[in-house]
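Protein chains in written order, with my numbering: chain A, 7 to 257; chain B, 2 to 116.
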Amino acid sequence: MSKIISIHSFRGGTGKSNTTANVAAILAAQGLRVGVIDTDIQSPGIHVLFGFSEDEMQHSLNDYLWGKCNIEDAAYEVTNSLGGNISGNIYLIPSSIKAGEIARVLREGYDVGLLNDGFHELVEALDLDVLMIDTHPGLNEETLLSVAISDALAVIMRPDQQDYQGTSVTVEVARKLNVPRLVIVVNKTPLVYDFNQVRSQVESLYSAEVAAVMPHSDEMMALASAGVFVLRYPDHEMTRLYKQIAQKLMS
Amino acid sequence: MGGLFDRLQDELDARDNKKGLSPVDLLDMPEELTEVVNQIIRKNGMRLEEIAQHLNQSEEEAKKNLKLLVEKGYVREVQVKQEIWYKAQFGRKADKVVSDNIWSKLDSVFNDEED
């Protein structure tokens, strides 16, 4: 049975897209068919991690929302361009990176029902095992929809006071929307911190499971979104933690 | 069960008469109805029998909740191969700017939980 997983954070810059791309790569490496949809229509970016350029983007999520194409027409298989040993498949559904099209969405809005239909049609048309939704930070219509339809939700936060407050909002909303599986990922944790203490503090604060406490990583920073970390560094500690997150989300 | 349905009816009547469902509505809908709408969205449509089964209700009870939601314009009935399916009736357009009332709705969610 297919699964919908949303990756969300209340604030920007937490590593949401990186987490989405890496978990997607891990699941695809396990032989699964994985879709990754970029619903961060205002500030899309996950396509960069998959090495997908604007020139290759004939259709985008925006085109689907404006009735110009079917949702599967905006899906691109990126498996082979990623390198690494992937026995499954990754399909990317990017949002437009054209300024005019982003402005149009901001100005005119879109049909929320169509977005919901699109999620379900994608799963069916591409025979997906998993659909991963990379959301816009904070709360808006598509974020709430994504959270509402998810079988599992990962809330990404940094060990930062602003993130602590914002995360509590997201966690409360997820509970209100009865998301069956909720995990928290603490990301970019300074190495000087006591990771066990961070984990127990976060778990106690939100009464939710922490899927992983990820360290700040120079290798990740140096990769600078020029690839998917777990495929470049298969034996790295971060890769082990991403596998742990994937396992928790799928359990 | 009359009391429960009267309360749900009153709560829905007290809400703004909007054109269709917004995901924001899920935050302050009566809990009994949030569960129904949530499931319908998650499955992208359900039959009465499935809804009743999911909610552990009789079909008659489930039908009353669905009637409220249909009347309010949050859910619509769709005929698929001679069967009636219930689907979420989303508003046509979502404003990309966060709805004016999202924070007040969140406030009410949190305040309700504190009470």
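Each residue gets a CB set at the ideal place from its N, CA and C atoms; glycine is no exception.
The Cβ of B/Gly92 sits closer than 8 Å to at least one Cβ of chain A.
Exposure of A/Pro186 is indicated by the presence of fewer than 16 other C-beta atoms within 10 angstroms of its C-beta. B/Gln54 and A/Ala160 have their alpha carbons spaced roughly 29 Å apart. From the beta-carbon of A/Asn184, the residues of chain B found nearer than 7 Å are Glu36 and Asn39. Shortest Cα-Cα distance from A/Ser66 to any of A/Gly90, A/Gln36 and A/Tyr97 involves A/Tyr97. Beta-bridge annotation (DSSP): B/Phe91 is paired with B/Leu22. When Cβ-Cβ separations below 8 Å define contact, B/Pro24 makes contact with chain A. For a cut-off of 8 Å, the C-beta gap from A/Met256 to A/Lys9 is around 7 Å, short enough to register as a contact. The region 248-255 of chain A makes contact with the region 215-228 of chain A, as at least three CB pairs between them are under 8 Å.
With contacts defined as CB atoms closer than 8 Å, A/Ser231 and A/Val54 qualify as a contacting pair. For B/Asn45, the closest C-alpha among the options A/Ala31, A/Ala34 and A/Leu151 is that of A/Leu151. Relative to the Cα of A/Gln167, the nearest Cα in the group A/Val29, A/Val136, A/Glu148 and A/Leu211 belongs to A/Leu211.
Against chain B, the beta carbon of A/His14 has no neighbour under 8 Å; the closest one sits roughly 13 Å away.
Collapsing the DSSP output to three states places A/Asp44 in a strand. Assignment of A/Met227 by DSSP, reduced to helix, strand and coil, places it in the helix class. The DSSP-derived three-state label of A/Asp140 is strand. Considering only B/Gly21, B/Lys65, B/Tyr75 and B/Val38, the residue with the shortest C-alpha distance to A/Ala154 is B/Val38.
Taking a C-beta cut-off of 9 Å against chain B, the contacting residues of the region 114-127 of chain A are Glu114, Gly115, Tyr116, Asp117, Val118, Gly119, Leu120, Leu121, Asn122, Asp123, Phe125, His126 and Glu127, listed in chain order. Using beta-carbon distances, B/Leu28 counts as an interface residue toward chain A, with a partner under 8 Å. At a cut-off of 8 Å between C-beta atoms, A/Ile99 does not count as an interface residue with respect to chain B. Under the three-state reduction of DSSP, A/Asn68 is assigned to helix. Annotated as proximal: A/Val42 and A/Thr26, with beta-carbon spacing under 8 Å. For B/Arg77, the enclosing beta strand (DSSP E) stretches over residues Val76 to Val81. Residue B/Tyr75 holds the alpha-carbon nearest to the alpha-carbon of B/Gly21 among B/Gln80, B/Glu36 and B/Tyr75. By the 16-neighbour rule on beta-carbons within 10 angstroms, A/Val198 is exposed.
In the DSSP assignment, B/Glu61 falls within the alpha helix (DSSP H) that extends over Glu60 to Lys73.
For A/Gln48, the closest of A/Phe58, A/Ala109 and A/Gly19 by C-alpha to C-alpha distance is A/Ala109. Beta-bridge annotation (DSSP): A/Thr25 is not paired with any residue.
Going by DSSP, A/Val192 is part of the beta strand (DSSP E) stretching over Arg187 to Thr195. Taken through DSSP and simplified to helix, strand or coil, A/Asn95 comes out as strand. Closer than 8 Å to the CB of A/Ala154 there is at least one CB belonging to chain B. Looking only at A/Phe201, A/Gly144, A/Val189 and A/Lys182, the smallest Cα-Cα distance to A/Ser15 is reached by A/Gly144. Per the C-alpha coordinates, the member of A/Asp117, A/Leu134 and A/Ile162 positioned closest to A/His142 is A/Ile162. For B/Asn45, the chain A residues whose C-beta falls within less than 9 Å of its own C-beta are Asn122, Asp123, Phe125, His126, Glu127 and Ile155, listed in chain order.
Neighbours of B/Ile42 across chain A, judged by C-beta separation under 9 Å: Asn122, Leu151, Ala154 and Ile155. Residue state for A/Tyr82 is assigned as strand, using DSSP reduced to three classes.
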